[in-house]
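K.L.:
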Ligand SMILES: NC(=O)c1ccc[n+]([C@@H]2O[C@H](COP(=O)([O-])OP(=O)(O)OC[C@H]3O[C@@H](n4cnc5c(N)ncnc54)[C@H](O)[C@@H]3O)[C@@H](O)[C@H]2O)c1
């Protein structure tokens, strides 16, 4: 049995908890959760028809073997501290949080942290990792999202960009992945995932397009290198609970958890 704790019980966290209880109860002991919003806990309890034990973040890490983070980028640096301190494994969804604090990635490497990062709502990371063994000239991500999937982003608020009245596609941001994750912390984790697998957050280019017509979160990735060209595109159905989150991101979290389970022997 592996002891799992879940930080953040919103769209992704509650989806995984439901599946853990239904499908993995012979292999996973669900320790409990860490959650800041009482409404999320009420929703979770209703969907499970049972109460989860709520811990502080540090206690959750201390009591678990594996912590699944599905909360917010801001929790990542503190979570990583605890995970290193107590020598635990972590699966991260708020991947942009890894870029939010200087030195965090190096600390993770120095401490040989066992960190699992689902591929999120994009395709082609396997080929990008292979391409990295040679020379990569450029990596560009173009993300096209419905307006509802972008509303509330700090960049839009700071620059007083009102998307509600747009009639056609509008480019709202162009820059590096590092800039993108700080300006859109809830919307563009895929930029961080792509940078970590490829040429890094200051070299990976990101373009974000707000679209009044589309109903899908579309990620187009163009990679150029000595090997040739890679072009991938995923057109993702957004979650009904949270339009910022794609169904594929939830499935990628489940696939990663499933992969971790394959490596855990029953009864250990
Ligand atoms: N890696 C990817 O491809 C990918 C895709 C979609 C979403 N995400 C990220 O995953 C995270 C979860 O996404 P979601 O759709 O479930 O979001 P959500 O808003 O539906 O749920 C997040 C939950 O975390 C809770 N939370 C926030 N801060 C917390 C903290 N410090 N401690 C404990 N709980 C906290 C919130 O109250 C909420 O209940 C977000 O950061 C999101 O940006 C990543």
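Residue numbers (this note's numbering): 7 to 274. Note that CB positions come from ideal geometry on N, CA and C, so glycine has one too.
1) Under 7 Å from any heavy atom of ligand 1, does the C-beta of residue 40 make it?
2) Any heavy atom of ligand 1 closer than 7 Å to the CB of residue 100?
3) Measuring only the C-alpha atoms, how far is residue 230 from residue 267?
4) Which class does residue 131 belong to by DSSP, given the choice of helix, strand or coil?
5) Following the continuous alpha helix (DSSP H) through residue 68, name the residue where it begins and the one where it ends.
6) In terms of residues, what are the limits of the alpha helix (DSSP H) holding residue 226?
7) Measuring straight from C-alpha to C-alpha, what distance separates residue 256 and residue 104?
8) Tell me whether residue 202 sits in a helix, a strand or coil according to DSSP, three-state version.
9) For ligand 1, is there a heavy atom less than 7 Å away from the beta-carbon of residue 225?
10) If you check the beta carbons only, do residue 82 and residue 98 fall under 8 Å apart?
11) Please state whether DSSP places residue 47 in a helix, a strand or coil.
12) Check this for me: beta carbons of residue 119 and residue 157, under 8 Å apart or not?
13) Between which two residues does the beta strand (DSSP E) harbouring residue 151 extend?
14) Run through DSSP, which three-state label would residue 32 get?
15) Secondary structure at residue 243, three-state DSSP: helix, strand or coil?
16) Per DSSP, residue 216 is paired with what?
17) Please report the straight-line C-alpha distance between residue 132 and residue 10, rounded to a whole angstrom.
18) Classify residue 275 as helix, strand or coil using the three-state DSSP reduction.
19) Assign residue 109 to one of two classes, buried (16 or more other C-beta atoms within 10 Å of its C-beta) or exposed (fewer than that).
P.N.:
So, to answer that:
1) Residue 40 sits at position 34 when you count from the first residue of the chain shown. The answer is yes for residue 40.
2) As a position in the chain shown, residue 100 is number 94, starting the count at 1. Yes, Cβ of residue 100 sits closer than 7 Å to a heavy atom of ligand 1.
3) Position 224 of the chain shown, counting from 1, holds the residue named residue 230. Position 261 of the chain shown, counting from 1, holds the residue named residue 267. Computed Cα separation, rounded: 35 Å.
4) The residue you call residue 131 lines up with position 125 of the chain shown. The three-state reading of DSSP puts residue 131 in helix, counting H, G and I together.
5) Position 62 of the chain shown, counted from the first residue, corresponds to residue 68. Following the DSSP letters along the chain, one finds residue 68 inside the alpha helix (DSSP H) bounded by residues 63–69.
6) For the purposes of this step, residue 226 is taken as the residue at position 220 of the chain shown. Residue range 223–231 is occupied by the beta strand (DSSP E) that includes residue 226, with no alpha helix (DSSP H) assigned at that position.
7) Counting from 1 along the chain shown, the entry for residue 256 is found at position 250. Counting from 1 along the chain shown, the entry for residue 104 is found at position 98. In this structure, the alpha-carbon of residue 256 lies about 19 Å from that of residue 104.
8) By 1-based counting over the chain shown, the position of residue 202 is 196. Three-state DSSP puts residue 202 in a helix.
9) Here the question's residue 225 lines up with position 219 in the chain shown. Checking the Cβ of residue 225 against ligand 1 gives no.
10) Taking the chain shown and counting its residues from 1, the one referred to as residue 82 is at position 76. Taking the chain shown and counting its residues from 1, the one referred to as residue 98 is at position 92. In this structure, residue 98 lies closer than 8 Å to residue 82 by Cβ.
11) In the chain shown, residue 47 corresponds to position 41, counting from 1. DSSP places residue 47 in the helix class (H, G or I) of the three-state scheme.
12) Taking the chain shown and counting its residues from 1, one reaches residue 119 at position 113. Taking the chain shown and counting its residues from 1, one reaches residue 157 at position 151. No, they are not a contact pair.
13) As a working note, residue 151 is residue 145 in the chain shown. For residue 151, the enclosing beta strand (DSSP E) starts and ends at 142–152.
14) What you label residue 32 is simply residue 26 of the chain shown in a count that begins at 1. Reduced to three states, the DSSP call for residue 32 is coil.
15) As a position in the chain shown, residue 243 is number 237, starting the count at 1. Residue 243: coil per DSSP, three-state reduction.
16) One-based indexing of the chain shown puts residue 216 at position 210. 151, 176.
17) In the chain shown, residue 132 corresponds to position 126, counting from 1. In the chain shown, residue 10 corresponds to position 4, counting from 1. Roughly 27 Å between the two C-alpha positions.
18) Since the displayed the chain opens at 7 and closes at 274, residue 275 lies outside it and no answer follows.
19) Translated into the one-based positions of the chain shown, residue 109 becomes position 103. By the neighbour-count rule (16 or more Cβ atoms within 10 Å), residue 109 is not buried but exposed.
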